[in-house]
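Report on one structure; see the data block that follows.
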Amino acid sequence: MKPPILIIIMATIMTGTMIVMLSSHWLLIWIGFEMNMLAIIPILMKKYNPRAMEASTKYFLTQATASMLLMMGVTINLLYSGQWVISKISNPIASIMMTTALTMKLGLSPFHFWVPEVTQGITLMSGMILLTWQKIAPMSILYQISPSINTNLLMLMALTSVLVGGWGGLNQTQLRKIMAYSSIAHMGWMAAIITYNPTMMVLNLTLYILMTLSTFMLFMLNSSTTTLSLSHMWNKFPLITSMILILMLSLGGLPPLSGFIPKWMIIQELTKNNMIIIPTLMAITALLNLYFYLRLTYSTALTMFPSTNNMKMKWQFEYTKKATLLPPLIITSTMLL
Amino acid sequence: MLKIIIPTIMLIPLTWMSKPNMIWINTTTYGLLISLISLFYLNQPNDNTLNSSLMFFSDSLSAPLLALTTWLLPLMLMASQHHLSKEPLTRKKLYISMLILLQLFLIMTFTASELIFFYILFEATLIPTLIIITRWGNQTERLNAGLYFLFYTLMGSLPLLVALLYIHNFMGSLNFLMIQYWIQPLPNSWSNIFLWLACMMAFMVKMPLYGLHLWLPKAHVEAPIAGSMVLAAVLLKLGGYGMMRITTLLNPLTNFMAYPFMMLSLWGMIMTSSICLRQTDLKSLIAYSSVSHMALVIVAVLIQTPWSYMGATALMIAHGLTSSMLFCLANSNYERIHSRTMVLARGLQTLLPLMAAWWLLASLTNLALPPTINLIGELFVVMSSFSWSNTTIILMGINIIITALYSLYMLITTQRGKYSHHIKNIKPSFTRENALMTLHLLPLLLLSLNPKIILGPIY
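Respectively, the protein sequence lines represent chains A and B.
Each step along the first sequence adds one to the number in UniProt numbering, with nothing skipped, and position 22 is 22.
Each step along the second sequence adds one to the number in UniProt numbering, with nothing skipped, and position 17 is 17.
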């Protein structure tokens with residue numbers, strides 16, 4: 001893609017999200033969402049193959065439906081409250097509709113079906129943008145309407161998301177699908193405490209974005225999209241394998257790494273509100289997540305997979321891939337505790 | 001406490017920046033010096049604990065365990081020198097760094113004063129151990145072993161996190177020193193029963209309790225020598241230490257909640273000891289003997305009498321040193337014949353007589369010979385369980401007999417009799433190995449002269 005066009009499209013994506021985050025008028029928020037979605041479609045279609053076409057189509061359909069649902073909710077809110085300002089939503093129907101729409105955009109269960117397929121069909125860089133930047137806008141709206149969200153609905157979605165994210169990722173070897181299921185599970189954790197303490201959701205989102213960015217950059221360094229190609233990393237970049245080890249354990253939420261911070265805080269907030277069984281269930285289901293991260297580390301860092309060349313180490317070429325800000329990213333995603 | 005923690009952290013740059021032929025010497029020496037510092041903490045005032053700071057404290061229960069942990073690091077380093085000698089330098093340094101990191105987490109765990117801090121470090125000890133087991137173990141089963149180890153422990157400890165946060169909300173603070181003065185008896189209700197279970201299951205899995213012990217033989221057998229040593233000696237004691245700390249909060253539910261676990265422990269003691277009699281794998285035998293000894297500690301902690309607490313503490317320290325020594329002896333066999341089967345290397349007494357002396361002393365302490373601290377621990381536990389219920393003496397007695405049986409079985413199979421004809425050309429014992437055994441045995445025997453320091457806070 002020619003650089004000027006790429007710049008314009010990236011700028012539109014960023015502007016779209018900024019508009020969503022910064023505006024207080026519902027119509028502008030909807031406009032921001034649409035800008036964001038339309039601009040990201042060419043990014044998803046960077047490689048011109050049928051898989052990417054299918055992925056972009058699925059993404060477009062789900063996001064467009066979600067935006068329409070959101071608009072419906074906004075209109076009902078306008079009907080009942082007479083104004084367009086984003087604030088506490090008085091009508092429960094509007095609130096439920098908006099929540100459903102936003103969770104559809106995020107990929108929470110039961111609207112999670114598009115996430116693995118879309119993430120698998122696109123390049124690693126587009127997948128990274130999809131799983132990190134695109135979550136910011138819906139989350140900011142959920143943050144702003146959090147006092148009026150129906151807790152039961154969101155808690156149910158969160159619980160099923162954590163379950164789906166854990167179980168769905170177990171049978172995967174493709175890295176992008178693994179990251180997609182990981183994103184579903186993490187979104188579940190975030191959705192669980194929006195109604196109780198939205199600040200924790202922001203904390204979880206920030207840490208999740210940091211960790212996912214680092215993971216994707218490590219994958220891109222090796223251009224590896226399957227577990228098999230990741231397992232050859234010990235031969236080429238042995239230092240990166242230990243990075244992957246800590247990063248995966250951090251994603252799984254093991255203390256003392258920073259992936260544990262959101263889980264600890266979320267469990268603390270939930271127990272303060274007298275919910276004991278739900279955080280226990282969520283924490284135990286997060287172990288399923290940990291299992292497939294651990295499987296990745298087993299094949300990458302902790303064992304030496306048979307590789308095609310006979311040398312112990314390949315010639316160490318200079319890194320030609322851009323790994324922007326990789327060391328600080330990794331450090332912040334693992335050592336913050 | 002920082003005077004132990006900061007030197008331990010600084011051991012890591014020491015390994016990475018030492019000259020290649022000096023890494024072992026440097027780390028072992030400084031490790032021994034750090035363990036000397038930790039011995040100062042054994043001097044405890046009788047009526048209170050030594051309060052170092054807001055976050056760390058040490059009392060008569062944690063000080064011996066702290067001394068054991070810091071004593072073990074140089075021993076682990078000495079034991080690992082041989083099997084790492086052929087690895088490239090970076091991997092050696094990585095291994096040593098993992099051991100030091102584990103040591104650091106263990107020191108902080110034993111001296112943590114706030115229970116959530118304790119929990120975080122309790123979980124944090126899993127990561128270096130997992131890396132040591134799966135990366136440097138020797139057989140393909142090590143992957144499975146690492147998985148079992150991690151997931152059994154995590155399944156048990158996640159409810160503990162929820163329970164600790166609940167108690168934090170309920171009581172206002174989890175600082176252990178303050179909670180001691182605020183506890184009220186826990187009323188009997190279903191949710192409190194679940195609270196009790198959530199608090200205790202993490203430590204039960206770690207100990208391990210008989211029904212949940214499946215991870216232990218796998219992990220111990222597949223781990224390299226340093227991993228086995230630290231697992232048997234210290235990580236199991238984390239469970240005992242945690243149980244002793246947290247049962248202060250859980251009265252009086254423990255009176256009836258303890259029954260299922262007592263039954264499992266008492267029966268499991270005999271079961272695992274009997275399994276030891278039929279083992280062919282040397283390391284597996286020592287692993288099951290660890291389960292059996294720890295079952296005694298579980299019984300002691302659940303009875304909650306002063307004598308049983310003294311016995312539990314003494315038994316933890318004694319078993320730590322003994323088990324670690326047995327693993328070192330098994331490893332010296334393994335390094336020579338590269339197999340863990342006992343009958344392949346028989347009659348070693350004729351070939352390596354000094355090593356046979358260490359085998360004899362280790363087996364004797366394992367079967368709790370007077371006047372060693374093993375005996376003091378076991379005796380106190382047996383006596384207190386007899387006073388709790390008279391019939392337990394039958395099971396305890398059977399256990400003591402079977403322990404003696406398998407310890408002597410291990411000794412006789414490996415040391416006595418005619419040697420197998422193919423081991424005539426094994427290497428003689430290294431000075432390093434003899435020094436290792438001495439350093440294990442000397443504290444064990446000297447402590448029998450002054451057991452007061454390991455008898456815990458009730459003494």
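We put the CB at the ideal spot given by N, CA and C, even for glycine.
- The beta-bridge partner set that DSSP reports for B/Phe57 consists of B/Asn51.
- Taking the Cα positions, B/Pro371 is about 24 angstroms away from B/Met229.
- The straight-line gap separating the alpha-carbon atoms of A/Thr212 and A/Ile129 is approximately 10 angstroms.
- Using a Cβ distance threshold of 8 angstroms, B/Gln349 and B/Gln304 do not count as a contacting pair.
- Non-local C-beta neighbours of B/His293 in its own chain, meaning closer than 6 angstroms and more than five positions away in sequence, comprise His319, ordered along the chain.
- Taking 8 angstroms as the cut-off, the beta carbon of A/Lys272 is found closer than this to the beta carbon of B/Asn169.
- Per the coordinates, the alpha-carbon of A/Met35 lies some 18 angstroms from the alpha-carbon of A/Gly127.
- Below 8 angstroms, enough C-beta pairs join the segment 171-181 of chain A and the segment 224-244 of chain A to call them touching: three or more.
- Taking 8 angstroms as the cut-off, the beta carbon of B/Thr27 is found closer than this to the beta carbon of B/Leu11.
- At a Cβ-Cβ threshold of 8 angstroms, B/Ile454 and B/Ile337 do not count as neighbours.
- At least 8 angstroms separates the CB of B/Ile37 from every CB of chain A.
- If only uninterrupted alpha helix (DSSP H) runs of at least 4 residues are considered, those enclosed by the segment 22-91 of chain A are 26-44 and 50-81.
- Between the segment 193-200 of chain A and the segment 111-118 of chain A, the count of Cβ pairs shorter than 8 angstroms is below three; the stretches do not touch.
- Cβ neighbours of B/Thr15 within its own chain (closer than 8 angstroms, five residues either side excluded): Ile23, Asn26, Thr27, Lys93, Ile96, Ser97 and Ile100.
- The CB of B/Thr134 comes closer than 8 angstroms to the CB of Tyr298, Leu302 and Thr303 in chain A, given here in chain order.
- The criterion of a C-beta distance shorter than 8 angstroms is satisfied by B/Leu106 and B/Val234.
- Contact between A/Gly32 and A/Ala101 does not hold, since the beta-carbon distance rounds to 14 angstroms and is not under 8 angstroms.
- A/Leu287 reaches chain B at Phe151, Leu154, Met155 and Leu158, counting residues in chain order whose Cβ is nearer than 8 angstroms.
- Here A/Ile29 is buried. Its C-beta has 16 or more other C-beta atoms within 10 Å.
- Residue state for B/Ala345 is assigned as coil, using DSSP reduced to three classes.
- In this structure, A/Leu153 places its C-beta atom within 8 angstroms of the C-beta atom of A/Ile96.
- Between the segment 412-432 of chain B and the segment 29-42 of chain B, the count of Cβ pairs shorter than 8 angstroms is below three; the stretches do not touch.
- The beta carbon of A/Ala180 sits closer than 6 angstroms to the beta carbons of Val115, Pro116 and Thr119 from its chain, once the five residues preceding and following it are set aside; these are given in chain order.
- In this structure, B/Gly311 is the residue among B/Tyr288, B/Leu277 and B/Gly311 with its C-alpha nearest to the C-alpha of B/Val299.
- Relative to B/Leu197, the option among B/Ala145, B/Gln184, B/Thr403 and B/Leu253 whose CA is nearest is B/Leu253.
- Approximately 13 angstroms separates the beta-carbon atoms of A/Ile40 and A/Ile8; this is outside 8 angstroms, ruling out the contact.
- When DSSP states are grouped into helix, strand and coil, A/Asn204 belongs to the helix group.
- Partner residues in the beta bridge of A/Thr226, as assigned by DSSP, are A/Gln174.
- Pairing A/Ala94 with A/Ile76 gives a Cβ-Cβ distance under 8 angstroms.
- Around the C-beta of A/Ile141, 16 or more other C-beta atoms lie within 10 Å, and the residue is accordingly described as buried.
- A/Lys135 is classed as buried because its beta carbon has at least 16 other beta carbons within 10 Å across all chains shown.
- Interface flag for A/Ile244 against chain B is unset, since no Cβ pair is found closer than 8 angstroms.
- For the pair A/Thr132 and A/Met104, the CB atoms are not nearer than the 8 angstroms cut-off.
- Every alpha helix (DSSP H) of 4 residues or more that sits fully in the segment 91-150 of chain B is shown, in chain order, as 115-124 and 126-136.
- Taking 8 angstroms as the CB threshold, A/Pro279 lines the interface with chain B.
- In the DSSP assignment, A/Leu294 falls within the alpha helix (DSSP H) that extends over Ile277 to Thr297.
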